[in-house]
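All remarks here apply to the structure that follows.
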Amino acid sequence: MGSQWSRDSTYTRAVKEGYRSRAAFKLIEIQARFGVIHDGDTVVDLGASPGSWLQVVNELTSGKILGVDLNPIAPLDGVTTLIADLTDPELPAKVLDIVGEVNVVVSDASPKISGQKSYDQARAIALGEEALCIAQKTLKTGGDFVVKSFQGGDFPELIAMVRPQFRLVKAYRTSTSRKGSSEVYIIAKYFIGRDR
Ligand SMILES: C[S@@+](CC[C@H](N)C(=O)[O-])C[C@H]1O[C@@H](n2cnc3c(N)ncnc32)[C@H](O)[C@@H]1O
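In this note's numbering, the protein residues as written are 943 to 1138.
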């Protein structure tokens, strides 16, 4: 998480406002633009450590909140946390056991960067696919999904997988994403539902 904390004005703002990471402002911006989370919603945050998105979600809903990560997440009032791998096939069932069906799945998960661009991108897209799979198995009909991805390579395939499953799908680059980064979020609203 070192790169999250390089000392720029967004870092200073995060410290001042009590957020665990500058990443908080990405979700704040997505929420202001797309209104994905409503009070009372049950929200699952995938790749949630150290927890700044969870802090933002906690400000937006009085519903159940679950944060999942490979790494521990320091406790937050009103938030349940789970140490787990997004690639664990049992994870959707665990999520349903803990919080029941979900209104919103957000994923800011990203793999450790090796520096080899195409390899890193392929792993990031694969994580996005895992997040989509979890969303498909846990979202209520009408629910929303936000997932971090990276432009280039297999990005068109990932967004093409998302499109038929939601009524509104957009790619959105936040103003707080680092200059030169290909980071982009897929915002998907109104889950069409799954075959039961
Ligand atoms: C950019 S950080 C998330 C920051 C978080 N949104 C916040 O605001 O504090 C990406 C996270 O993805 C997690 N991650 C990467 N691969 C994962 C996997 N396979 N399963 C679960 N978490 C994973 C990492 O451990 C890391 O904590």
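Each residue gets a CB set at the ideal place from its N, CA and C atoms; glycine is no exception.
Item	Value
Presumed contact (8 Å Cβ cut-off) between Tyr1114 and Ile1015, rounded CB distance	That pair is no contact at about 25 Å.
Enclosing alpha helix (DSSP H) for Arg907 [first to last residue]	Here the chain comprises residues numbered 943 to 1138, so residue 907 is not present and cannot be evaluated.
The stretch 975-989 in contact with the stretch 1043-1061 per 3-pair CB rule at 8 Å	yes
Endpoints, alpha helix (DSSP H) assigned at Ser994	994-1002
First through last residue of the beta strand (DSSP E) which encompasses Val1010	1007-1011
Which listed residue (Val1111, Asp1027, Asp1039) has its alpha carbon closest to that of Val1088	Val1111
Arg1109 burial status per 10 Å Cβ neighbour count (16 or more: buried)	exposed
Gln1107 versus Asp1011 - alpha carbon distance	25 Å
8 Å Cβ cutoff met for Leu1018 and Gly993	yes
C-alpha gap between Met943 and Ala956, whole angstroms	With a pLDDT of 42 at Met943, under the threshold of 50, the predicted position of this residue should be treated as unreliable, and no value is reported.
Between the CA atoms of Ser1123 and Ala1068 - distance to the nearest angstrom	18 Å
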